[in-house]
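Counting in the working numbering, the sequence shown tops out at residue 507, every number present.
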Amino acid sequence: MENSLNHNQIIEKINALLDRYHSDLSYCHGADHCRRVAKLAVKIGEREGADCQIIEVAALLHDIGVVPLAWGRHASGRDDNDFQEFLGLYALPSADHGEVGALIAERFLRQNGYPEGKIKQVTLIIKEHNTHNQTTLESRVVNDADKLEALGATWVARAFQRTNAFDRRISIESIPEKYLIGRKAFLENIHIEAVKEIAEQRYRFLESFIEQFQRELRLET
Ligand SMILES: [Fe+2]
Ligand SMILES: [Fe+2]
């Protein structure tokens, strides 16, 4: 095990990990998404008086569990297999990318000498981010930042990005049904009062975008 790193050093290591594994495996859950969530979460966390170092580490790593899934689809031509052992976890009926991500993050942080107590806090956040149950303030902050990313103009952009990753190529007409309608659940899974207001604005934008988009597709405008 390496000597304990300071916060900036661990962030540097995580960024290198994201660049290596997350950058071209987007699914709209790529390194860019993780970095946006981290910035947003730190901003929210500062206002809420939360531990922003824990938040930054957890937010950057929150979707690392997507990597083995993407790895399975895009493995050809890649010669390193750091994530191969985690692929098998997806065979478990209960496994999701939050749980798998927590295991990957735990191994990575321990290898880098991150303090055990903090590893527990970070992995809890990662595990909980894909559920409706957030048990700490820091977990609620990361969850809410991630859910904000699933609303508004950012989500519209990510939805179109997602079609290429998951569906290779689906028609533009099928995007509203598949990825834009039904986002209210994300709005309802926001816990922090100050974030709810922003989420509602983003949701209203999303609704008006869907309306306009469908009018255009029906040649009504
Ligand atoms: Fe996620
Ligand atoms: Fe995410």
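Ideal Cβ positions, reconstructed from N, Cα and C, are used throughout, including at glycine.
About 5 Å separates the CB atoms of I412 and H348; that is less than 8 Å, so the two are in contact.
Under the three-state reduction of DSSP output, Y400 falls in the coil class, being neither helix nor strand.
Ligand 1 has no heavy atom closer than 6 Å to the beta-carbon of N419.
By the neighbour-count criterion, in which 16 or more other beta carbons inside 10 Å mark a residue as buried, D305 falls on the exposed side.
Excluding residues up to 5 positions away in sequence, H418, N429 and K433 lie with their Cβ nearer than 8 Å to the Cβ of N475 in the same chain. Judged by DSSP secondary structure, Y489 falls within the alpha helix (DSSP H) whose first and last residues are E479 to L503. Between R322 and R501, the alpha-carbon positions lie close to 31 Å from each other.
At least one heavy atom of ligand 2 sits closer than 6 Å to the Cβ of D432. For H319, the enclosing alpha helix (DSSP H) stretches over residues A317 to E334.
If you draw a 10 Å sphere on the C-beta of P354, you find 16 or more other C-beta atoms in it, and that means buried. Between the region 437-447 and the region 464-473, the count of C-beta pairs closer than 8 Å reaches three or more; the two stretches touch.
Annotation for K433: the continuous alpha helix (DSSP H) segment containing it runs L423 to L434. Under the DSSP assignment, E463 falls outside any alpha helix (DSSP H); it carries neither an H nor an E label. Between A471 and V408, the C-beta spacing is not below 7 Å.
Contact between V427 and I478 is confirmed by a C-beta separation of about 7 Å, below the 8 Å threshold. Judged by DSSP in its simplified three-state form, H308 adopts helix.
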